[in-house]
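Structure first, commentary second.
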Amino acid sequence: MTHRFPTTSLITFHNLCCNFGTRTARAALSLALFAVMGFRAVSAADLAGGSKDEAFAPSEIVLKPSEDVQFRLQSALINAVPGDVIVLAEGTYRFESELNVASDRLTIRGAGQDKTILSFRNQQAGSSGIVATGNGFVIEDLSVQDTAGNAVKVLSAKDVTFRNLTVEWTDGPKSSNGAYGIYPVECQNVLIENCTSIAASDAGIYVGQSHDVVVRNCRAERNVAGIEIENTVRADVYDNTAVNNTGGILVFDLPGLNVVNGGQVRVFRNQIENNNHENFAPKGTMVADVPSGTGLMLMATDNVEIFDNDIENNQTSGILVVSFLVTQRKFKDPNYDAFPEAVSIHNNRISRSGHHPQGQLGTLVGPVLGGTMPDIFYDGILNPSKLVDGQLPADQQLSVLDNADATFVNVRLNDLTPENVLTGKYRFDRDSASFRHQRRSLPEVQLTPHSKESRTGSEAVKVYRSAPQLLSGWKLLTLTDGHWQPAADLLTYELNTPLFSDYTLKHRSIRLPEGQSMQWNETDVFDFPVGTVIAKTFSYPDDTADASAGERFLETRIEHRETTGWYGYSYIWNDEQTDATLQLGGGVMDVEWTDSAGKHHQNRYQIPNANQCVSCHSQNEVFVPLGPTARNLNRSCSEHDSRNQLTAWIEGGRLKGAPESRPRLAVFDDVHSGSLDQRARAWLEVNCAHCHNPLGSARTSGLDLRTVQQEPARYGVFKSPVAAGKGSGGRTYDIVPGKPEESILMYRLETDEPGARMPSLARGMNHIESNALIREWIRSLPEEDAPKGK
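Have a look at this one:
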């Protein structure tokens with residue numbers, strides 16, 4: 002429900018030096034707010050469950066479906082301590098935003114795969130259904146349906162279990178479905194058992210950049226890729242059924258990722274049948290190139306053993322063994338091995354393969370093979386740097402042995418040129434005799450018992466439970482004569498290029514412990530003493546009450562440094578604008594406003610939950626502030642005070658260790674502050690690089706958008722997407738120099754679709770001004786940034 006603002010309790014800020022000035026307000030389209038909102042949220046008091054002194058012992062929390070279950074469950078996840086079990090009773094639970102898990106050793110358990118259903122059909126925020134980062138995460142006995150993006154993602158965790166879990170997009174296979182169903186990435190000691198995935202637009206069960214993985218007794222049906230093991234070291238995939246997918250099981254290595262080359266993968270005792278579904282992956286994604294009718298596809302991965310599988314009626318081929326070069330995609334990664342080596346294929350039962358080859362591979366090779374493909378297809382592309390007398394060393398060669406009557410071809414794809422075909426020089430080899438040699442079996446993957454140690458959980462809950470329930474408890478503001486003023490001990494500040502948050506205005510301040518100071522850091526955020534508070538208040542201009550008031554507050558976000566680290570949470574302002582209440586579970590506001598040109602806007606303003614704060618602020622699983630860096634703080638205090646902000650703090654004894662010469666980040670919308678490249682890269686750093694950097698939560702994509710990254714391939718030039726799903730927008734590379742309309746980056750910044758837009762959190766609207774800047778920047782990029790050849 003949408004409400005008009007009341008006209009009482011008017012609020013204004015004095016234009017004090019480096020305090021809550023109005024520069025940002027004037028820069029943000031001079032918005033005129035005339036109505037806002039009903040919000041739903043759950044407070045810390047709701048989730049404390051007792052006195053602040055209660056023991057933090059693990060417990061079982063039981064929830065049932067309810068209208069406010071989105072916030073009740075999220076609050077329970079925030080309040081979880083290691084060892085907790087959250088039991089979801091039978092029924093259908095409906096969510097509009099992703100759920101975030103941060104605690105170690107947490108179990109989410111339903112009443113059964115067909116009894117407890119988590120529906121995200123109306124999801125409006127977040128890129129996944131459930132995102133977990135804690136070690137020892139277990140999810141079991143439930144279904145997750147119709148997420149906007151990935152269904153269940155676990156990032157950088159140890160001891161992960163998916164058991165008796167079904168993920169499904171219930172409208173059937175569509176390119177708009179989420180990319181991955183079950184999705185552990187950069188994880189270790191992973192068990193996926195008795196799970197089902199249906200209709201994912203990329204991979205139903207996807208394991209990426211992980212170590213020590215077992216996938217067993219699962220069913221993958223009507224996905225583009227049924228089961229995919231990518232850039233993963235030591236994986237056993239067995240006793241699974243992959244049926245009616247585009248490709249049944251894929252084992253891939255891709256370039257440009259943190260874990261570059263996987264291997265030691267065993268695929269055995271699987272039923273891989275009738276994987277002839279049309280490829281419905283969004284164009285531009287890697288799996289969009291997988292031919293319909295692929296039983297098992299191995300690309301670029303070394304040390305793989307494929308045995309004792311039943312592979313039947315796959316119309317392109319039973320088993321494809323290919324180099325990454327068949328994709329014809331550009332790449333520039335000196336550490337990447339694009340060639341499959343030390344691969345063993347033995348004792349499989351393969352039949353009725355290749356009767357109707359599909360895709361680019363079928364078009365290219367099918368005619369020269371007489372219109373059909375073999376049971377086992379090898380592209381024959383070898384790494385020239387490893388050849389000795391035209392051959393790979395024996396321990397690197399492909400082994401094909403004892404696969405009954407399976408047909409075989411070494412197509413020698415490098416030799417398949419029009420000239421060779423016309424002159425009769427082209428030859429392929431259907432005889433597998435030269436590949437019939439024994440290779441030692443790979444060892445079984447040994448999963449270890451889950452550790453009882455915890456890195457996150459109880460400490461965070463102690464902090465949240467002891468936090469003031471009202472913003473006034475922080476004593477950041479004082480109400481004098483109807484006007485709010487910042488407390489005298491606050492250092493307020495502005496940024497050169499701020500984070501875009503749906504055109505809200507922001508008032509930023511820092512409180513340092515008495516007598517202490519910040520310590521200079523040239524590249525990252527300053528080092529702040531324990532006890533530091535960083536506050537940011539979000540508002541829209543308000544002309545419904547009094548023009549002198551100027552704005553209406555929505556939320557205030559707090560970052561507080563405790564002895565155990567940084568913690569973040571949000572306070573939502575009341576309608577009377579007299580105070581704000583702690584809402585760890587987040588919230589949503591329906592907002593209406595009119596801009597200075599008279600255009601009316603409506604948007605749903607998302608307030609992050611405490612675990613979402615961790616998601617954006619995480620650097621190598623450690624919470625850090627984002628804005629206060631030397632480069633972004635190096636500017637004047639405000640339009641009313643020309644003193645340099647850093648200089649003022651140094652002279653006041655609040656900043657130590659700063660050099661005379663200090664770096665400065667460009668102002669994205671000020672042509673005098675830097676070149677086009679500097680301004681565009683500055684905006685991308687502030688708005689994207691907190692996740693897209695080698696330590697951020699999106700590091701698994703391999704995309705690095707920090708300004709210090711000077712290698713074009715690393716910041717996206719001709720970089721193929723990873724885990725983009727429908728976020729590819731049908732485009733092949735993150736950035737195509739000179740062509741923003743062909744660049745995934747541009748699509749993700751301009752789309753409003755949940756699960757595709759970036760940033761995935763804290764943005765519901767398009768930032769028109771920055772989008773124009775990024776378009777201009779991409780047009781200006783030189784073609785020579787493209788990797789030459791391979």
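Take 2 as the starting number for the sequence shown in this note's numbering and just add one per residue. Glycine residues also receive a C-beta, built at the ideal position from the N, C-alpha and C atoms.
Measuring CA to CA, which of THR93, GLU99 and ILE131 is closest to THR117? For the purposes of this step, residue 117 is taken as the residue at position 116 of the sequence shown. Nearest of THR93, GLU99 and ILE131 to THR117, Cα basis: THR93.
Taking the straight line between their C-alpha atoms, what separation do you get for GLU274 and HIS357? Taking the first residue of the sequence shown as 1, we reach residue 274 at position 273. Taking the first residue of the sequence shown as 1, we reach residue 357 at position 356. Those two C-alpha atoms are separated by around 15 angstroms.
Ignoring anything shorter than 4 residues, give me the alpha helix (DSSP H) runs that lie fully in the segment 347-399, in order along the chain. 360-366
Any idea which residues DSSP pairs ASN645 with across the strands? What you label residue 645 is simply residue 644 of the sequence shown in a count that begins at 1. Partner residues in the beta bridge of ASN645, as assigned by DSSP, are SER637.
Report yes or no: do the segment 179-191 and the segment 204-214 share at least 3 C-beta pairs separated by less than 8 angstroms? Here the segment 179-191 lies against the segment 204-214, with 3 or more beta-carbon pairs under 8 angstroms apart.
Hey, could you find the ends of the beta strand (DSSP E) TYR181 is sitting in? One-based indexing of the sequence shown puts residue 181 at position 180. That run of the beta strand (DSSP E) goes 181-186.
Near TYR748, what residues of its chain come up, given a Cβ to Cβ distance below 7 angstroms and the 5 sequence neighbours on each side ignored? Against the sequence shown, residue 748 aligns to sequence position 747. The answer, listed in chain order, is GLY730 and ARG732.
How many Å lie between LEU782 and ALA690 at the Cα? Position 781 of the sequence shown, counted from the start, is the residue given in the question as residue 782. Position 689 of the sequence shown, counted from the start, is the residue given in the question as residue 690. As the crow flies, the alpha-carbon of LEU782 is around 19 angstroms from that of ALA690.
Using a Cβ distance threshold of 8 angstroms, determine whether the segment 441-461 contacts the segment 407-423, with at least three qualifying pairs required. no
Pick helix, strand or coil for ASN16, following the three-state DSSP scheme. Here residue 16 is taken as the residue at index 15 of the sequence shown, counted from 1. At ASN16 the pLDDT is 31, less than 50, meaning the model places this residue with poor confidence and gives no usable figure here.
Which residues mark the beginning and the end of the beta strand (DSSP E) in which PHE163 is found? Residue numbering aside, residue 163 sits at position 162 when the sequence shown is read from its first letter. Taken as a continuous stretch (DSSP letters only), the beta strand (DSSP E) holding PHE163 covers 159-169.
Under a Cβ-count criterion, where at least 16 other Cβ atoms within 10 Å of its own Cβ denotes burial, should ARG680 be classed as buried or exposed? Counting from one through the sequence shown, the residue named residue 680 turns up at place 679. ARG680 comes out buried.
Select from GLU342, ALA714, ASN276 and ILE346 the residue whose C-alpha is nearest the C-alpha of GLY355. Taking the sequence shown and counting its residues from 1, the one referred to as residue 355 is at position 354. The shortest C-alpha separation from GLY355 is found at ASN276.
Endpoints, the beta strand (DSSP E) within which ALA236 is located: Residue mapping note: residue 236 aligns to position 235 of the sequence shown, counting from 1. ALA236 -> beta strand (DSSP E) spans 234-239.
Tell me, to the nearest whole angstrom, how far the beta carbon of SER345 is from that of ILE307; I am working on the premise that it is less than 8 angstroms. As a working note, residue 345 is residue 344 in the sequence shown. As a working note, residue 307 is residue 306 in the sequence shown. About 7 angstroms; that satisfies the 8 angstroms criterion.
On the CB-based measure, 16 or more other CB atoms within 10 Å of its CB, does LEU520 come out buried or exposed? Numbered from its first residue, the sequence shown carries residue 520 at position 519. Per the sequence presented here, residue 520 reads as Gln, with Leu not at that position. Per the 10 Å Cβ criterion, exposed.
Have a look at the DSSP bridge pairing and note the partners of TYR427. As a working note, residue 427 is residue 426 in the sequence shown. Looking at the DSSP assignment, TYR427 forms no beta bridge with any residue, so it has no partner.
Could you pull the start and end residues of the beta strand (DSSP E) that TYR152 belongs to? Here residue 152 refers to the residue found at position 151 of the sequence shown. The identity of residue 152 in the sequence shown is Ala, whereas the question assumes Tyr. Residues 151-156.
I need the straight-line Cα distance from SER455 to THR408, nearest angstrom please. Counting from one through the sequence shown, the residue named residue 455 turns up at place 454. Counting from one through the sequence shown, the residue named residue 408 turns up at place 407. Approximately 52 angstroms, taken between the alpha carbons.
Buried or exposed for GLY588, please, with buried defined as at least 16 other CB atoms from any protein chain shown within 10 angstroms of its CB. Position 587 of the sequence shown holds residue 588. Per the 10 Å Cβ criterion, buried.
Let's see if you can read the secondary structure: which residues bound the alpha helix (DSSP H) around SER76? Residue numbering aside, residue 76 sits at position 75 when the sequence shown is read from its first letter. Counting along the chain, the alpha helix (DSSP H) containing SER76 begins and ends at 70-80.
For ARG509, count neighbouring C-beta atoms within 10 Å of its own C-beta (all shown protein chains included) and say buried if the count is 16 or more, exposed if not. Numbered from 1 along the sequence shown, position 508 holds the residue referred to as residue 509. ARG509 comes out buried.
Residue environment, HIS693, which counts as buried when at least 16 other CB atoms sit within 10 Å: Residue numbering aside, residue 693 sits at position 692 when the sequence shown is read from its first letter. Buried.
Can you name the start and end residues of the alpha helix (DSSP H) that ARG780 belongs to? Position 779 of the sequence shown, counted from the start, is the residue given in the question as residue 780. Start and end: 769-781.
Which whole-angstrom value describes the C-beta separation of GLY296 and ILE312, a residue pair presumed to lie in contact below a C-beta threshold of 8 angstroms? Start at 1 with the first residue of the sequence shown, and residue 296 comes out as number 295. Start at 1 with the first residue of the sequence shown, and residue 312 comes out as number 311. The Cβ separation is near 4 angstroms, so the contact holds.
If you run the structure through DSSP and keep just helix, strand and coil, what is ARG110? Taking the first residue of the sequence shown as 1, we reach residue 110 at position 109. Correct three-state label for ARG110: strand.
Which value, in whole angstroms, describes the spacing of the CA atoms of MET374 and GLU169? Walking along the sequence shown from the start, residue 374 turns up at place 373. Walking along the sequence shown from the start, residue 169 turns up at place 168. Cα to Cα, MET374 sits roughly 32 angstroms from GLU169.
Is ARG558 near VAL534, with beta carbons less than 7 angstroms apart? What you label residue 558 is simply residue 557 of the sequence shown in a count that begins at 1. What you label residue 534 is simply residue 533 of the sequence shown in a count that begins at 1. No, the pair does not count as a contact, with Cβ atoms beyond the cut-off.
Residues in its own chain within less than 6 angstroms of MET298 by CB, not counting five upstream and five downstream? As a working mapping, residue 298 is identified with position 297 in the sequence shown. GLY248, LEU251 and LEU321.
Could you give the DSSP three-state label for TYR748: helix, strand or coil? If you number the sequence shown from 1, residue 748 lands on position 747. Reduced to three states, the DSSP call for TYR748 is helix.
Minimum C-alpha distance to MET287 - residue among GLN470, GLN265, ALA90 and PHE325: Reading the sequence shown from its first residue, position 286 is the one you call residue 287. MET287 has its Cα closest to that of PHE325, out of GLN470, GLN265, ALA90 and PHE325.
Work out the CA separation of LEU78 and GLY135 for me, nearest whole Å. On the sequence shown, position 134 is the one that residue 135 refers to. On the sequence shown, position 77 is the one that residue 78 refers to. In a straight line, the C-alpha of GLY135 is about 11 angstroms away from that of LEU78.
Within this structure, are the beta carbons of THR302 and GLN359 separated by less than 7 angstroms? Walking along the sequence shown from the start, residue 302 turns up at place 301. Walking along the sequence shown from the start, residue 359 turns up at place 358. The answer is no: Cβ separation not under 7 angstroms.
Measure from the alpha carbon of GLN1 to the alpha carbon of each residue in ALA236, LEU627 and ILE351, then state which is nearest. In the structure displayed, the chain extends from 2 to 791; residue 1 sits before or after that span and is not available.
Which residues in the same chain as THR242 place their Cβ atom closer than 6 angstroms to its Cβ, once the five residues preceding and following it in sequence are excluded? Taking the first residue of the sequence shown as 1, we reach residue 242 at position 241. Contacts found: ARG220 and GLN272.
In DSSP terms, what GLY566 is bridged to: Numbered from its first residue, the sequence shown carries residue 566 at position 565. In the DSSP output, where bridge partners are listed per residue, GLY566 has GLU563.
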